[in-house]
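Enquirer: Quick note on our numbering: the first sequence kicks off at 2 and runs consecutively. Built from N, CA and C at the ideal position, the CB exists for glycine as well.
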Amino acid sequence: MARPKKDDGKGNELNIPNFKEIEEKWQKRWEEDKVFQVKEDSKKNKYYVLEMYPYPSSSGLHMGHAFNYVIGDIISRFKRMQGFNVLHPMGYDSFGLPAENAAIKNNSHPKVFTEDAIANYIRQQRALGLSYDWTRKIQSHDPLYYKWNQHLFLQLYRKGLVYRKEAVVNWCSKCKTVLANEQVQGGKCWRHTETEVEIKNLEQWFIKTTVYAEELLRDLEKLNWPERIKTMQRNWIGRSEGAKIIFKIQEKPWNVFTTRPDTLFGVSFLVISAQHTKLFELVTKDRMKEVEDFVRKIKTIKQEDIDKLDKEGVFTGAYADHPLTGEKIPVWAGNFVLAEYGSGMIMAVPAHDQRDFEFAKKYNIPIKLVIKQSGRDIQDEVMIEAYIGSGELVNSKGYNGLNNEEAKEKIVNALNEKRLGEKSVQYKLRDWLISRQRYWGTPIPIVYCENCKNEIKRKSYELSFYDQDIFFQIATGKKIVETRALNPHEKTKEFYGNIKKGDYIKCINKLTNEIIYLKVLNVRRFNSLQDLFKEKELLERIFPGKYFDSISKLEKSYSHTEDYLDRIKKYGLVAWDVQLIFPGIMPVPEKDLPVLLPEKVKFGEGNPLASCKEFVETRCPKCKGKARRETDTMDTFFDSSWYYLRFTDALNTKEPFNKKKAEYWMPVDFYTGGAEHACMHLIYARFFSKFMRDIGYVKYDEPFPRLFNQGMVHGEDGAVMSKSRGNVIDPLEISKKYGTDALRLFLVSMTSPDKDFAWSSAGIESSFNFVMKLVKYSENVKLGKSSKKLEHKANTAIREVTNNIESLKYNFAIIHLRSLLDSLEDEIAEKDLKSIIKLVAPFCPHIAEELWSNLGNKDFITLERWPEVDESKIDTKIDEQEKAFKKTVDDIFNVLKIVKEKKGKESIKVYLYVLPNENEGYNSEMLSKRIGKEVIVFAVNDKKKYDPEGKAGKAKPGKPGIYAE
RNA sequence: GCGGGGAUGCCGGAGCGGUCAAACGGGGCGGACUCAAGAUCCGCUAGCUUAGUGCUUACCUAGGUUCGAAUCCUAGUCCCCGCACCA
Numbered sequence: 002m003a004r005p006k007k008d009d010g011k012g013n014e015l016n017i018p019n020f021k022e023i024e025e026k027w028q029k030r031w032e033e034d035k036v037f038q039v040k041e042d043s044k045k046n047k048y049y050v051l052e053m054y055p056y057p058s059s060s061g062l063h064m065g066h067a068f069n070y071v072i073g074d075i076i077s078r079f080k081r082m083q084g085f086n087v088l089h090p091m092g093y094d095s096f097g098l099p100a101e102n103a104a105i106k107n108n109s110h111p112k113v114f115t116e117d118a119i120a121n122y123i124r125q126q127r128a129l130g131l132s133y134d135w136t137r138k139i140q141s142h143d144p145l146y147y148k149w150n151q152h153l154f155l156q157l158y159r160k161g162l163v164y165r166k167e168a169v170v171n172w173c174s175k176c177k178t179v180l181a182n183e184q185v186q187g188g189k190c191w192r193h194t195e196t197e198v199e200i201k202n203l204e205q206w207f208i209k210t211t212v213y214a215e216e217l218l219r220d221l222e223k224l225n226w227p228e229r230i231k232t233m234q235r236n237w238i239g240r241s242e243g244a245k246i247i248f249k250i251q252e253k254p255w256n257v258f259t260t261r262p263d264t265l266f267g268v269s270f271l272v273i274s275a276q277h278t279k280l281f282e283l284v285t286k287d288r289m290k291e292v293e294d295f296v297r298k299i300k301t302i303k304q305e306d307i308d309k310l311d312k313e314g315v316f317t318g319a320y321a322d323h324p325l326t327g328e329k330i331p332v333w334a335g336n337f338v339l340a341e342y343g344s345g346m347i348m349a350v351p352a353h354d355q356r357d358f359e360f361a362k363k364y365n366i367p368i369k370l371v372i373k374q375s376g377r378d379i380q381d382e383v384m385i386e387a388y389i390g391s392g393e394l395v396n397s398k399g400y401n402g403l404n405n406e407e408a409k410e411k412i413v414n415a416l417n418e419k420r421l422g423e424k425s426v427q428y429k430l431r432d433w434l435i436s437r438q439r440y441w442g443t444p445i446p447i448v449y450c451e452n453c454k455n456e457i458k459r460k461s462y463e464l465s466f467y468d469q470d471i472f473f474q475i476a477t478g479k480k481i482v483e484t485r486a487l488n489p490h491e492k493t494k495e496f497y498g499n500i501k502k503g504d505y506i507k508c509i510n511k512l513t514n515e516i517i518y519l520k521v522l523n524v525r526r527f528n529s530l531q532d533l534f535k536e537k538e539l540l541e542r543i544f545p546g547k548y549f550d551s552i553s554k555l556e557k558s559y560s561h562t563e564d565y566l567d568r569i570k571k572y573g574l575v576a577w578d579v580q581l582i583f584p585g586i587m588p589v590p591e592k593d594l595p596v597l598l599p600e601k602v603k604f605g606e607g608n609p610l611a612s613c614k615e616f617v618e619t620r621c622p623k624c625k626g627k628a629r630r631e632t633d634t635m636d637t638f639f640d641s642s643w644y645y646l647r648f649t650d651a652l653n654t655k656e657p658f659n660k661k662k663a664e665y666w667m668p669v670d671f672y673t674g675g676a677e678h679a680c681m682h683l684i685y686a687r688f689f690s691k692f693m694r695d696i697g698y699v700k701y702d703e704p705f706p707r708l709f710n711q712g713m714v715h716g717e718d719g720a721v722m723s724k725s726r727g728n729v730i731d732p733l734e735i736s737k738k739y740g741t742d743a744l745r746l747f748l749v750s751m752t753s754p755d756k757d758f759a760w761s762s763a764g765i766e767s768s769f770n771f772v773m774k775l776v777k778y779s780e781n782v783k784l785g786k787s788s789k790k791l792e793h794k795a796n797t798a799i800r801e802v803t804n805n806i807e808s809l810k811y812n813f814a815i816i817h818l819r820s821l822l823d824s825l826e827d828e829i830a831e832k833d834l835k836s837i838i839k840l841v842a843p844f845c846p847h848i849a850e851e852l853w854s855n856l857g858n859k860d861f862i863t864l865e866r867w868p869e870v871d872e873s874k875i876d877t878k879i880d881e882q883e884k885a886f887k888k889t890v891d892d893i894f895n896v897l898k899i900v901k902e903k904k905g906k907e908s909i910k911v912y913l914y915v916l917p918n919e920n921e922g923y924n925s926e927m928l929s930k931r932i933g934k935e936v937i938v939f940a941v942n943d944k945k946k947y948d949p950e951g952k953a954g955k956a957k958p959g960k961p962g963i964y965a966e
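Next up, the structure:
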C-alpha cells in the first residue's frame, strides 16, 4: 500500500512535508541542545518516567515496544512541558541466554551479538523521537554496571540474605541451567514453552526473598497498580495462616504445616513428599524396596500429567505419635505432596480434605469424622467426599462441641503448652534461585577455598540447638541476634564467657541434624534482664513481633526455664550479632570487583566459565592459597532488580548510585511495561527496594508507586502480533511511510493504552490525515483574531487534553484534538494556534517543532510551557448553539430528503426562518457551504421574507422554520 | 479447582442509572468538487413512519430493582488471562 498522492483539490500537488527530513532534523537538534538531559534541581519538582528496559533481541524493536515507549514518551513530554524536571532514561537488559545461544549458533560472541542488537535498538528508538536522556544509558553486560550487581550481591550476603543450599530445583535442558520458581510456567520453561522442566537436586545460590514476604504482600495495598497485577502477586506470595505441628517419628520431631489444626483429631496418616530430601531417614528396612520403586516411578512422570495424576503413595513403615493423643499414625510417602512447600510433609485428615479423602479411600486408611455438618447425624453418615466446611467438633476428646474456628485456637494453645506446635504463617513464595550455569551473565563474586573451609570448621565452637524455631530464624535470616544466654546450659557456660568478635560457631540443630555456621560480628553483655530491656531495638530483633512492653511479660515468656534468673546472675546475659557463613565460601573483597567475565571462552559444552582455567583458578582472598572461582552467573533478573536506581546516577564509578541523587529522583513516578513481569521482575525489584532501604541505600519502600500495563498489540487479523503468525507490522516501516508522528498518534488513538488493540492499516491513514490537516491548516491560516467560538473550542481542548493525558486516556485526548481541528476557522489568534500546536506536541513532537519554528519561534516547543486554560473563554452557550446548529443542519437534510421523495425532484434553495434572538447562530454562508445548496436566512418577523407555505410559523426556540424548493 | 477481566451497532472501540439508536475511528453507501481518479469537504449507515415527526425493536440470555437500565442486582451461557495437588 503506497502512500496516497495528495493534492489540494484543485489539481495542484499538495506539499507533503518530508517527514523523514523533519524528524531527523529535530532529533538531531534535540540531541545537540541536550534538551532531554537532566540534572537534580531542588527547585524543580521531579518526575521520573520509565519504561521497562528491553532485552536487546536481534530481531529489533517490534510494535509492542513502540507502543510501550510512546506511552511513556507522551507523559514525559507532557510533564516536561508542565515544568517538571523529567527523568526519562533508557537502557538494555543485555545479559541473557538468547544472546549466548544465538552466538553459539552463529559462531559469534555474545558480546558482539548483544552490542549489535543494542546499536540497532538505539537507532530505532531514536527514530521514534523518544525523549530519552541518552547520557544515562545503561547496559547490564557492561562491567561498569555488573560490578554493582556483584557489590549488591555481597551486601545481600553480608546481610545473610544469600545462601547456598542443596535443594529440589527446576532444570531446563534447553537452557542447560536451573530456573527460578518464577521462571517455571505450567511445568515448562518460560523461554521454552515446549520444554519440560526437570526436577533435580542441586546445590545452588538462593536469595531470601521470603524474609520480606509479609511486607511484599502488605505493601501491595498502597500501590497504584492494575488490580490484576496486584492479585497475581498476592496469589504468588500466597499467604496462608495455620499452625505448625510437631509429630515425633522414631523419636525425632517432624514438622507439618496445616491450615486446619481444628481437625487434628481426625488425622489418620501423615504424608511426606516423595521428593523430600529426608524421606529415606524414616523409611524402615522392610519397606525400603517399595519406597525406592515408588520414588523411581514418580520421577518418570511428566510434569504435564501431574494434574491428571491419581494420588498415589506408599507406606514408609514409620509411625508418628499423635501430639495430643499419642496414637500411632502411619507415615506414607505420596506423590501429591510438594517437597518445597511448608515442611514437605502433611497431616492427612481424609474426612475433611478432598485429596486426603481420595488417598485414604484408595489405600483403605480409616476416615475419621471430627467436624459435624450442621443438620446431619454423624451416625448414618456415608461419606462420598470430604466435608471441608465448618461445624461442630466431634470425636475430639475435650474439644467436642466447639465450633471449629474456636477449636483452632484452643488446639493450637494446647500444642503450644506441650511445645509441639504453634500458630504459623506459610507462603507460597520461595526463595529466589539466582545461580545459572551459563556464561552470559554477571559472575557471582565468590571464591571457594578448601583451606579456609577446614580452618573454620576446626576453629568453630560447637553449639547445639534444641529449639527448632531459633535455628530456623537464624537460618532464614529473620534473626541475626542470639540470646541463648537467657537459657544457658551448664555445659556451654565457658562458651558464653569467652565468645568474642570474629569467632565462628557451628550450630547443630539436634532435631534435624542440620548444621549452620555463624560468624560473630559483635558481642554485648548485660548484667540483668532490666539492662537488656532498655535495648528496645535489640529486643525487637531477638523477639521479633512480640513487643514486650514490660519485664514481667518477658520473664513470663521465659518462665518455662525455672531457674533462668539464677542463671542470668551466674553467667550474665550475652547477646551476639551473628552472620550466617558457609565455610570455604569466600566472598570476593569489594576492592577486587568487578569479577570480570572472561572474553575468551569455549562455547558449546556446558558452562563455558567452568572450562576457562584462567577464570576458575584463583587465589583465596583470605589465606591467599589456591582457590577455585564460582562459575555460576546470576539470573538476569538480578540486573533488572535495581537498574532504575542506576539511572539516577548512571556514570558513578565509586558506588552503585549516589544516595542523594537517588533520593531526589526515586521512586519512579510512572512505570510502564507488560503484564508478563507481574511475578518476576516486579517482585524482585520490590524485594530489592526493601532490602536496600534496610541497609540504608534508599529511603522509599516501594520503587514503582504507579505502574501501568499497556495492552497487547495484535495484528490486523486480530491475533497477537508474532512472527510465527506472519502478521507482524514493523513500526519503522510505518514510520517511513506515514511519518513517526502519525505512527505515535495512531498507537494511542485506537483505544485506551491499557487495552489490547488490533493494528489497522486504514486506521494509520486517519492519523496521517490528522497530521496533514494540522500542517495544512497552520500553513494557510490567517493569523489575527480568534472568534469567541474558536477561543471556546481551544480552551475546552486545553482543559480536556490536559486531564486526559494526566489520566492516561490518550485516546480521549486525541478525540478532543480531532474535534478541535474540525472546528478551526480561517482566522486564528497566534496565541491560540500556539496552544493547539503545544497540545499536539507530546503526541507528534517532530511536526509540532516544525510548525512551531515556522511560526518564527527560536526555542524548542519541547521546552515550552504547557498551555493554561482560560476558563473565562469557555462558554457552554457556544456548545449549545453549536448543537442547535447541527440539529438544524440535520433537519434541513431531512426536509430535503422528504421533499425530494414527495416532489420527485431535488430542491435548489432552502429558506430558514429564525427567531430574532437566535439570529447570530445561523449564518447563511456557513449553512450554504455545509448543505451544499443556497440557504437564505430570514428573521421570522421579517415582513419582506419569502415564505410561500408559511413555514415561518413553525419556528421554535432552537429550531428555525424551514422551506425548501 | 481458585482468582482476575470481559461480552455493545458491519468492524475496532467509548459509555457504566435518565440528556443513548449509543462518542471517536474504520468500512460501506450517497452527494459536492473535478474531464477523471485519488485527496478534501458534506450527509446517510436498526426498522417503519414524517416536510425537520412519531413509533417499534436494540447494548450475550433469562429474570429482578427503579417512574426510568447498555449502565444496578440475581442466575446462566460463552470468551480471554493468571495460578494450579500450596495442605
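Could you pull out every unbroken alpha helix (DSSP H) segment of at least 4 residues lying fully inside the segment 257 to 327, listed in chain order?
Expert: The qualifying runs are 289 to 300.
Enquirer: What residue range does the beta strand (DSSP E) around T619 cover?
Expert: For the purposes of this step, residue 619 is taken as the residue at position 618 of the first sequence. Where T619 is concerned, the enclosing beta strand (DSSP E) stretches over E618 to R620.
Enquirer: Give the DSSP-derived three-state secondary structure of K661 in the structure shown.
Expert: Position 660 of the first sequence, counted from the first residue, corresponds to residue 661. Three-state result, K661: helix.
Enquirer: Mind checking whether W441 and E116 have CB atoms under 9 Å apart?
Expert: For the purposes of this step, residue 441 is taken as residue 440 along the first sequence, with counting starting at 1. For the purposes of this step, residue 116 is taken as residue 115 along the first sequence, with counting starting at 1. The answer is no: Cβ separation not under 9 Å.
Enquirer: As a quick exercise: from K520, F527, G402 and V589, pick the residue whose alpha carbon is nearest that of Y449.
Expert: Here the question's residue 449 lines up with position 448 in the first sequence. Selected option, being the one with the closest Cα: V589.
Enquirer: In whole angstroms, give me the CA-to-CA distance for K35 and L131.
Expert: The residue given as residue 35 occupies position 34 in the first sequence. The residue given as residue 131 occupies position 130 in the first sequence. Near 13 Å, if we compare the C-alpha coordinates of L131 and K35.
Enquirer: Relative to the alpha-carbon of K138, which residue among Y122, L129 and P18 has its alpha-carbon at the smallest distance?
Expert: Within the first sequence, numbered from 1, the residue matching residue 138 stands at position 137. Closest by alpha carbon: Y122.
Enquirer: Can you grab the Cα-Cα spacing for the pair I684 / V782, in whole Å?
Expert: Counted from its first residue, the first sequence places residue 684 at position 683. Counted from its first residue, the first sequence places residue 782 at position 781. Going by the C-alpha atoms only, they are around 54 Å apart.
Enquirer: Leaving out the 5 sequence neighbours to the left and right, which residues in its chain are closer than 8 Å to I389 when beta-carbon positions are compared?
Expert: The residue labelled residue 389 in the question sits at position 388 within the first sequence. H353, D354 and Q355.
Enquirer: With DSSP as the reference, label D220 as helix, strand or coil.
Expert: On the first sequence, residue 220 is found 219 positions in, with the first residue counted as 1. DSSP places D220 in helix when its eight states are reduced to three.
Enquirer: Spatial neighbours of F705 within its chain, please: CB distance less than 6 Å, with the 5 preceding and 5 following residues excluded, ordered by chain position.
Expert: Counted from its first residue, the first sequence places residue 705 at position 704. Here the set comprises V669 and Y672.
Enquirer: Only counting the same chain, and skipping five residues up and downstream in sequence, which positions put a Cβ closer than 8 Å to that of T654?
Expert: Taking the first residue of the first sequence as 1, we reach residue 654 at position 653. The answer, listed in chain order, is L145.
Enquirer: Who pairs with W206 in a beta bridge, going by DSSP?
Expert: As a working note, residue 206 is residue 205 in the first sequence. DSSP output for W206 lists R165 as bridge partner(s).
Enquirer: Taking only heavy atoms of the ligand FMN into account, decide whether any of them is closer than 8 Å to the Cβ of V938.
Expert: Looking at this structure, you won't find the ligand FMN or any other ligand, since it has none at all.
Enquirer: Please go through the same chain and pick out, in chain order, the residues whose beta-carbon is closer than 6 Å to the beta-carbon of K429, but skip the five residues on each side of it.
Expert: Within the first sequence, numbered from 1, the residue matching residue 429 stands at position 428. The residues are G239.
Enquirer: Which stretch, first to last residue, makes up the beta strand (DSSP E) that contains C453?
Expert: Start at 1 with the first residue of the first sequence, and residue 453 comes out as number 452. No beta strand (DSSP E) contains C453, which is instead part of the alpha helix (DSSP H) from E451 to K460.
Enquirer: Taking the alpha-carbon positions, what's the L522 to I105 distance?
Expert: The sequence position of residue 522 within the first sequence is 521, counting from 1. The sequence position of residue 105 within the first sequence is 104, counting from 1. Taking the straight line joining both Cα atoms gives about 46 Å.
Enquirer: Is the distance from the Cβ of E664 to the Cβ of K700 below 9 Å?
Expert: Here residue 664 is taken as the residue at index 663 of the first sequence, counted from 1. Here residue 700 is taken as the residue at index 699 of the first sequence, counted from 1. Yes; because the gap between Cβ atoms is below 9 Å, this pair is in contact.
Enquirer: Just how far apart, CA to CA, sit M667 and N452?
Expert: Walking along the first sequence from the start, residue 667 turns up at place 666. Walking along the first sequence from the start, residue 452 turns up at place 451. Their backbone Cα atoms lie some 44 Å apart in a straight line.
Enquirer: Is it buried or exposed for D640, if we count other Cβ within 10 angstroms and need 16 for buried?
Expert: Along the first sequence, one-based indexing puts residue 640 at 639. Classification of D640: buried, given that the 10 Å Cβ count is 16 or more.
Enquirer: Would you kindly work out how many angstroms separate the C-alpha atoms of G503 and Y147, rounded to a whole number?
Expert: For this step, residue 503 is matched to residue 502 along the first sequence. For this step, residue 147 is matched to residue 146 along the first sequence. Each residue's Cα considered, the two are about 30 Å apart.
Enquirer: Determine the closest residue to E734 out of Y518, S109, F248 and I765, with distance taken between C-alpha atoms.
Expert: The count along the first sequence starts at 1 and reaches residue 734 at position 733. With distances taken between Cα atoms, E734 lies closest to I765.
Enquirer: Taking the alpha carbon of S241 as the reference point, which residue from R620, Y342, R229 and T194 has its own alpha carbon closest?
Expert: Within the first sequence, numbered from 1, the residue matching residue 241 stands at position 240. Ranking the options by Cα distance to S241, first place goes to Y342.
Enquirer: CB-CB under 6 Å to G478, same chain, minus the five flanking residues each way: which ones, in chain order?
Expert: Here residue 478 corresponds to residue number 477 of the first sequence, with the count starting at 1. Annotation note: pLDDT 44 at G478 (below 50); position unreliable, coordinate value reported separately. Answer for G478: G161, L162, K209 and V212, listed in chain order.
Enquirer: Using 9 Å as the threshold, is the C-beta distance between K910 and E950 below it?
Expert: Here residue 910 corresponds to residue number 909 of the first sequence, with the count starting at 1. Here residue 950 corresponds to residue number 949 of the first sequence, with the count starting at 1. Their beta carbons are not under 9 Å apart, which means K910 does not touch E950 by this criterion.
Enquirer: Beta carbon of K312, beta carbon of K363: below 9 Å?
Expert: Here residue 312 refers to the residue found at position 311 of the first sequence. Here residue 363 refers to the residue found at position 362 of the first sequence. Yes. Within cutoff.
Enquirer: When we look at the beta-carbon of R229 and count the other beta-carbons within 10 Å, is it buried (16 or more) or exposed?
Expert: Taking the first residue of the first sequence as position 1, residue 229 is located at position 228. The residue is exposed, with fewer than 16 neighbouring Cβ atoms inside 10 Å.
Enquirer: May I ask you to verify whether the segment 22 to 39 touches the segment 52 to 65, counting CB pairs closer than 8 Å and requiring at least 3?
Expert: They do not touch, by the three-pair rule.
Enquirer: Are S824 and L852 closer than 9 Å when you measure CB to CB?
Expert: Locating residue 824 in the first sequence gives position 823, counting from the first residue. Locating residue 852 in the first sequence gives position 851, counting from the first residue. No, these two residues do not count as a Cβ contact at 9 Å.
Enquirer: Going by other Cβ atoms of all chains shown within 10 Å of its Cβ, with 16 needed for buried, is G785 buried or exposed?
Expert: Translated into the one-based positions of the first sequence, residue 785 becomes position 784. By the neighbour-count rule (16 or more Cβ atoms within 10 Å), G785 is not buried but exposed.
Enquirer: Would you list, in sequence order, the uninterrupted beta strand (DSSP E) runs of no fewer than 3 residues that lie entirely inside the segment 38 to 65?
Expert: The segment 38 to 65 contains these whole beta strand (DSSP E) runs: 47 to 52.
Enquirer: Applying the 10 Å Cβ sphere with the 16-neighbour rule, what's the burial state of D695?
Expert: Your numbering for residue 695 matches position 694 in the first sequence. Looking at its Cβ environment, which holds fewer than 16 other Cβ atoms inside 10 Å, D695 is exposed.
Enquirer: Which residues in the same chain have their Cβ closer than 8 Å to the Cβ of C621, if we skip the five residues on either side of it in sequence?
Expert: Position 620 of the first sequence holds residue 621. The answer, listed in chain order, is V448, C450, N452, C453, M587, K627 and A628.
Enquirer: Using DSSP with H/G/I as helix, E/B as strand and the rest coil, what is L581?
Expert: The count along the first sequence starts at 1 and reaches residue 581 at position 580. Residue state, collapsed to three classes: strand.
Enquirer: Starting from the Cα of C508, find the closest Cα among V579, P444, E872 and R526 and give me that residue.
Expert: Residue numbering aside, residue 508 sits at position 507 when the first sequence is read from its first letter. It is V579 whose Cα lies nearest to the Cα of C508.
Enquirer: If I'm right that V350 touches W333 with Cβ under 8 Å, what's the distance once you round it to whole angstroms?
Expert: One-based indexing of the first sequence puts residue 350 at position 349. One-based indexing of the first sequence puts residue 333 at position 332. In fact, because the Cβ distance is near 14 Å, the residues do not count as touching under 8 Å.
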